[in-house]
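Asks: Mind having a look at this structure? Questions to follow.
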Ligand code: SF4
Ligand code: SF4
Ligand code: SF4
Ligand code: SF4
């Protein structure tokens, strides 16, 4: 595969190309002590020279010695925010003579260019593509945003303390699903990006960015960085036979143990880039003259989530934590043909009480003797 | 068609929740359009006699007279909705429930023998049947309009009982516990404020009281073990606006060493 070379000083030209092509550039940027994804207008808004220290229930930003643009991993937010927004109005209705009239949503579809998408996140997007765009029921909101979006991926130059993409086979190297992919290299006083083109759209745009072919040693330097990242994952998760083990251990006492700690606060599902659950709220105005239907992110950790006539099916926190973990690491396979976890580590970092999905899965595995219970 | 009659009653409280009604501004005209404001001394002096279709009750029960009054109000109301931490949990004045009230009256009043007050500040639902409780200190005005709209239109109000964290993440806040080590009551607190405090870089104070399944023990374990919060401070965090709400009351008790 041909790889190209983009000098650091030409990086602004890449952003300008995207803006000129009519894209709204969404990229990592620092806000309130964390890296979030938001619209940026210049390269200065990237988290230049920042590194994120991540552990279970712990996140801090630190300055680095160099001026790298991407020497951190993923923050609390994911691209899900943009493709599957946390809150969206589906439609409105107005009362008219003798009935009601539906007012469809006519919001313009944003054209996003996502810059800095990591390998695990590409896999998460691919998973949500299946959820929202395959089969009989396609979600038009997701589909419109997704089809308009452009992806500039970045290979991770460092692994975070809660990352485990290597064991999930979802990273750290991006392999598909991108328009352009960059690897940042800082070496011997040089600062450049080795670039792969992954789509026709990417190819068109790339023409307008100053570049040349990468030399073999430059491409090798990039490859070496990715391998180094892969070898330094903060965590690991053995997925061999895991869905079967978890399904077998559905009555394991471990679920009760973890329920003592779990707050059922739902942070893990909110930050997870693959969790897709949502709830519908119907609201009327005071007079009953108009109504709206709103969709909001929801979570299997709430009581209402499993509410049926008479009460909630998953009444205990034990049942709810078990639902989350079994869905992510077992039943997702039956439903969508892949695991529901890409090893991004967000649920570990952002759990206020440091519950670790890799540790829980390992404990369930360890208690397994091939039989039930 | 006659408009439903709305009454707003005050018990022991700071009036903040009633002010939230007045603060509705744009929506207030719509409210006045949709209902007949029959009794609302904070807003108008004119009084239309009962019975009332909807009574909003602010404040907690703290005197023997309050007990009689809430019975009368209940009898005269088709639907009774309590609003705010005082009415739903006893409010900040429920701090008296942990002390001897006589000592307070002796310290504050020149002639304490004139004061006829109860030992405890209690929520309205301890005394009469309540159709719906709206949490908050003060209540969120959008939720208030939502509850009124729901009752007027015969539907279920959207006031979910899950954690503040869900609103916090939807809003795009950065978690102050994880990113700054600031103790936050969000994980055990009922949603409704839209995660206001974390949006301004502060931990949640628990104004909306306990969420549906609060695991206070696990949260405070994290605070004391990893965030350096002392046991007396844990007690103070839980003993505030919703001090008398069951799970907050118990958690505070567990950290009350004298
Ligand atoms: S389950 Fe956790 S580690 Fe896996 S994708 Fe979701 S947030 Fe990331
Ligand atoms: S883990 Fe829970 S919130 Fe996430 S997709 Fe599954 S059911 Fe939905
Ligand atoms: S695992 Fe952690 S983040 Fe998820 S619901 Fe439980 S306490 Fe909250
Ligand atoms: S800041 Fe508080 S409310 Fe927000 S997610 Fe963190 S713990 Fe929850």
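Chains as they are written, first to last, in the working numbering: chain U, 68 to 440; chain X, 76 to 333.
In this text, a Cβ means the ideal position worked out from N, Cα and C, and glycines have one as well.
Quick caveat: nothing in here was measured; it's all calculated off a predicted structure.
Going by alpha carbons, who is nearest to residue 238 of chain X out of U:369, U:240 and U:83?
Replies: Out of U:369, U:240 and U:83, U:369 has the C-alpha closest to the C-alpha of residue 238 of chain X.
Asks: Considering residue 183 of chain U, what are the terminal residues of the beta strand (DSSP E) in which it resides?
Replies: Start and end: 179 to 184.
Asks: For residue 288 of chain X, verify whether its CB is less than 7 Å away from any heavy atom of ligand 2.
Replies: For ligand 2, not one heavy atom lies less than 7 Å from the Cβ of residue 288 of chain X.
Asks: Pull out every residue of the segment 332 to 347 of chain U whose Cβ sits closer than 7 Å to any Cβ of chain X, in chain order.
Replies: Listed by position along the chain: 332, 333, 334, 337 and 338.
Asks: Using only the alpha-carbon positions, how far apart do residue 297 of chain U and residue 239 of chain U sit?
Replies: Rounded to whole angstroms, residue 297 of chain U to residue 239 of chain U spans 6 Å at the Cα level.
Asks: Show which residues of chain X have a CB atom less than 8 Å away from the CB atom of residue 144 of chain U.
Replies: 247, listed in chain order.
Asks: Is there at least one Cβ from chain U nearer than 8 Å to residue 184 of chain X's Cβ?
Replies: Residue 184 of chain X does not count as touching chain U.
Asks: With burial defined as no fewer than 16 other Cβ atoms inside 10 Å of the residue's Cβ, what is the status of residue 132 of chain U: buried or exposed?
Replies: Answer is exposed; the Cβ neighbour count stays below 16.
Asks: Given this structure, state the Cα-to-Cα distance separating residue 208 of chain U from residue 218 of chain X, to the nearest angstrom.
Replies: Approximately 27 Å between the Cα atoms of the pair.
Asks: Chain X beta carbons: is any one of them nearer than 8 Å to that of residue 392 of chain U?
Replies: For residue 392 of chain U, the answer is no, since every Cβ of chain X falls outside 8 Å of its Cβ.
Asks: Between the alpha carbons of residue 283 of chain U and residue 261 of chain U, how many angstroms are there, rounded?
Replies: So the two alpha carbons sit approximately 11 Å from each other.
Asks: Which of the three DSSP states is assigned to residue 206 of chain X in this structure?
Replies: Three-state result, residue 206 of chain X: coil.
Asks: Quick check for students: name the residue ranges of the alpha helix (DSSP H) that lie wholly in the segment 350 to 412 of chain U, counting only runs of 4 or more.
Replies: Segments of the alpha helix (DSSP H) lying fully in the segment 350 to 412 of chain U: 384 to 393 and 399 to 403.
Asks: Would the beta-carbon of residue 97 of chain X fall within 8 Å of that of residue 103 of chain X?
Replies: Yes; because the gap between Cβ atoms is below 8 Å, this pair is in contact.
Asks: Counting only Cβ-Cβ distances shorter than 9 Å, please list the residues of the segment 247 to 277 of chain X near chain U, keeping chain order.
Replies: Taking 9 Å as the Cβ-Cβ cut-off against chain U, the residues of the segment 247 to 277 of chain X that qualify are 247, 248, 249, 250, 251, 252, 253, 254, 255, 256, 259, 261, 262, 263 and 276.
Asks: Under 8 Å by Cβ, that's how I've got residue 331 of chain U and residue 288 of chain X pegged, so tell me the actual separation to the nearest angstrom.
Replies: About 5 Å; that satisfies the 8 Å criterion.
Asks: Can you tell me which of U:169, U:145 and U:197 puts its alpha carbon nearest to the alpha carbon of residue 401 of chain U?
Replies: The candidate whose alpha carbon is nearest that of residue 401 of chain U is U:197.
Asks: Could you spell out where the alpha helix (DSSP H) holding residue 435 of chain U opens and where it closes?
Replies: Careful: residue 435 of chain U lies outside any alpha helix (DSSP H) and carries neither H nor E.
Asks: Shorter than 8 Å from the beta carbon of residue 327 of chain U to some beta carbon of chain X?
Replies: For residue 327 of chain U, the answer is yes, since a Cβ of chain X falls inside 8 Å of its Cβ.
Asks: Who are the Cβ neighbours of residue 128 of chain X in its own chain at under 6 Å, not counting the five residues just before and after it?
Replies: Contacts found: 79, 80 and 153.
Asks: Would you call residue 204 of chain X buried or exposed, if buried means 16 or more other Cβ atoms sit within 10 Å of its Cβ?
Replies: Label assigned to residue 204 of chain X: exposed.
Asks: Give the secondary structure of residue 345 of chain U by DSSP, where H, G and I count as helix, E and B as strand, and everything else as coil.
Replies: In this structure, residue 345 of chain U counts as strand in the three-state DSSP scheme.
Asks: In angstroms, rounded to a whole number, what distance separates the CA positions of residue 170 of chain X and residue 242 of chain X?
Replies: If I take the Cα positions, the gap works out to 29 Å.
Asks: With H, G and I counted as helix, E and B as strand and the rest as coil, what does DSSP make of residue 73 of chain U?
Replies: Note: residue 73 of chain U maps to strand in three-state DSSP.
Asks: Alpha carbon to alpha carbon, what distance is there between residue 176 of chain X and residue 433 of chain U?
Replies: C-alpha separation (whole angstroms): 56 Å.
Asks: Measuring only between beta-carbons, confirm whether residue 416 of chain U sits less than 8 Å from chain X.
Replies: Yes, its Cβ sits closer than 8 Å to a Cβ of chain X.
Asks: May I ask you to report which of helix, strand or coil DSSP gives residue 121 of chain U?
Replies: Residue state, collapsed to three classes: strand.
Asks: My parser needs the beta strand (DSSP E) runs of 3 or more residues fully inside the segment 80 to 163 of chain U; what are they?
Replies: You should have 91 to 98, 101 to 106, 117 to 122, 125 to 130 and 154 to 163.
Asks: At what residues does the alpha helix (DSSP H) containing residue 295 of chain U begin and finish?
Replies: Its alpha helix (DSSP H) spans residues 283 to 297.
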